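Read the structure below first, then the notes.
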Amino acid sequence: MTVTLELEIRKERKKSGARKLRRAGYTPGVVYGAHEETIPVKVPTQVLQKFLRELHGEQVVLELKIDGKTLQGLVQDVQRDPVTGEPIHVDFLVLHAGEAVEVTVPLVLVGEAPGVKMGGILEHLLHEVDVRALPANLPPHIEVDVSGLGLGDVLRVKELRVPEGVEILEDPEEPIVVISVPRGVEEAPEAEEGGEAEEGQAGPEGGSAESE
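At position 19 of the sequence shown (counting the first as 1) the number is 1071 in this note's numbering, and the numbers step up by one without a gap.
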């Protein structure tokens, strides 16, 4: 999927200029790459917010239209206001066919873990990973199949299935999902075994029919 985003070159470079832009309804940003000079840009904040909501955090190749020129790129970073959550700055990375790039992609859980049905708690520990790939091979997200996880199981980075041509840059042993075992679930089998043992001992002590 390719999305088009129109950007305007901005002349305001200082912090005071950036504040004026935000008050005017724009988000400042930059477009940069390995073979380009950094271009200061601005985009209407409402347009950017709508665009980011539609992406749902996924990595999508963009057509960046700037001053009559079209570049392929990605959203590399979004800085947000800590109070309102609104974007206050955005970085776009220019892509070139045949040149691999390093980006962050989200991890999406799929399937139902049997361990959860048995009373376990699914803990999602790692929500995104850094990958290296050619622009044409970049996945918008990576699926994490939890349908084989039972009580106490752990799924790690090394077990991810990724598209051909995609290299994961994280520690292979990093846990992504854990099915933790609550105390009550763990102790239930022991309680049942104890109860059976007590029932078996009661017969001889009380004089059962078999002992007579």
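Ideal placement from N, C-alpha and C gives every residue a C-beta, glycine not left out. Please read all numbers here as calculations on a predicted model, not as lab measurements.
Tell me whether PRO1080 is buried or exposed, calling it buried when 16 or more other Cβ atoms sit within 10 Å of its Cβ.
-> Counting from one through the sequence shown, the residue named residue 1080 turns up at place 28. With 16 or more neighbouring CB atoms inside 10 Å of its own CB, PRO1080 falls in the buried class.
The alpha helix (DSSP H) spanning LEU1073 covers which residue range?
-> Your numbering for residue 1073 matches position 21 in the sequence shown. First-last of the alpha helix (DSSP H) with LEU1073: 1067 to 1075.
Helix, strand or coil: which one does DSSP assign to ARG1235?
-> As a position in the sequence shown, residue 1235 is number 183, starting the count at 1. The DSSP-derived three-state label of ARG1235 is helix.
Could you name the residues of the same chain whose beta carbon sits closer than 6 Å to that of VAL1146, not counting the 5 residues immediately before and after it, in chain order?
-> As a first step, residue 1146 is located in the sequence shown; it is residue number 94 there, counting from the start. GLY1085, GLU1088, LEU1123 and GLY1125.
Run through DSSP, which three-state label would GLY1167 get?
-> In the sequence shown, the residue the question calls residue 1167 occupies position 115. In this structure, GLY1167 counts as helix in the three-state DSSP scheme.
Give the straight-line distance between the Cα atoms of GLY1247 and GLY1236, rounded to the nearest whole angstrom.
-> The count along the sequence shown starts at 1 and reaches residue 1247 at position 195. The count along the sequence shown starts at 1 and reaches residue 1236 at position 184. At GLY1247, the pLDDT of 45 sits below 50, so the modelled position is not reliable and the matter cannot be decided from this model.
Taking only the alpha-carbon atoms, compute the straight-line gap between GLU1115 and HIS1141 and give it to the nearest angstrom.
-> If you number the sequence shown from 1, residue 1115 lands on position 63. If you number the sequence shown from 1, residue 1141 lands on position 89. Approximately 19 Å, taken between the alpha carbons.
Would you please state the rounded distance, in angstroms, between the beta carbons of VAL1181 and LEU1174? I believe it to be under 8 Å.
-> Residue mapping note: residue 1181 aligns to position 129 of the sequence shown, counting from 1. Residue mapping note: residue 1174 aligns to position 122 of the sequence shown, counting from 1. That belief does not hold up - the Cβ atoms of VAL1181 and LEU1174 are roughly 18 Å apart, past 8 Å.
Exposed or buried, what is LYS1094 when buried is set at 16 or more other beta-carbons lying within 10 Å of its beta-carbon?
-> Indexing the sequence shown from 1 puts residue 1094 at position 42. By the 10 Å Cβ count, LYS1094 comes out buried.
So, are the CB atoms of PRO1227 and LEU1177 less than 7 Å apart?
-> Translated into the one-based positions of the sequence shown, residue 1227 becomes position 175. Translated into the one-based positions of the sequence shown, residue 1177 becomes position 125. Yes; because the gap between Cβ atoms is below 7 Å, this pair is in contact.
Could you spell out the range, first to last residue, of the alpha helix (DSSP H) harbouring LEU1123?
-> The residue you call residue 1123 lines up with position 71 of the sequence shown. Membership of LEU1123 in any alpha helix (DSSP H) is not indicated; the residue belongs instead to the beta strand (DSSP E) covering 1121 to 1132.
Quick one: measure Cβ to Cβ for VAL1153 and PRO1192, integer angstroms, because I've assumed they're closer than 8 Å.
-> Your numbering for residue 1153 matches position 101 in the sequence shown. Your numbering for residue 1192 matches position 140 in the sequence shown. Not quite, the Cβ-Cβ distance comes to about 14 Å (not below 8 Å), so this is no contact.
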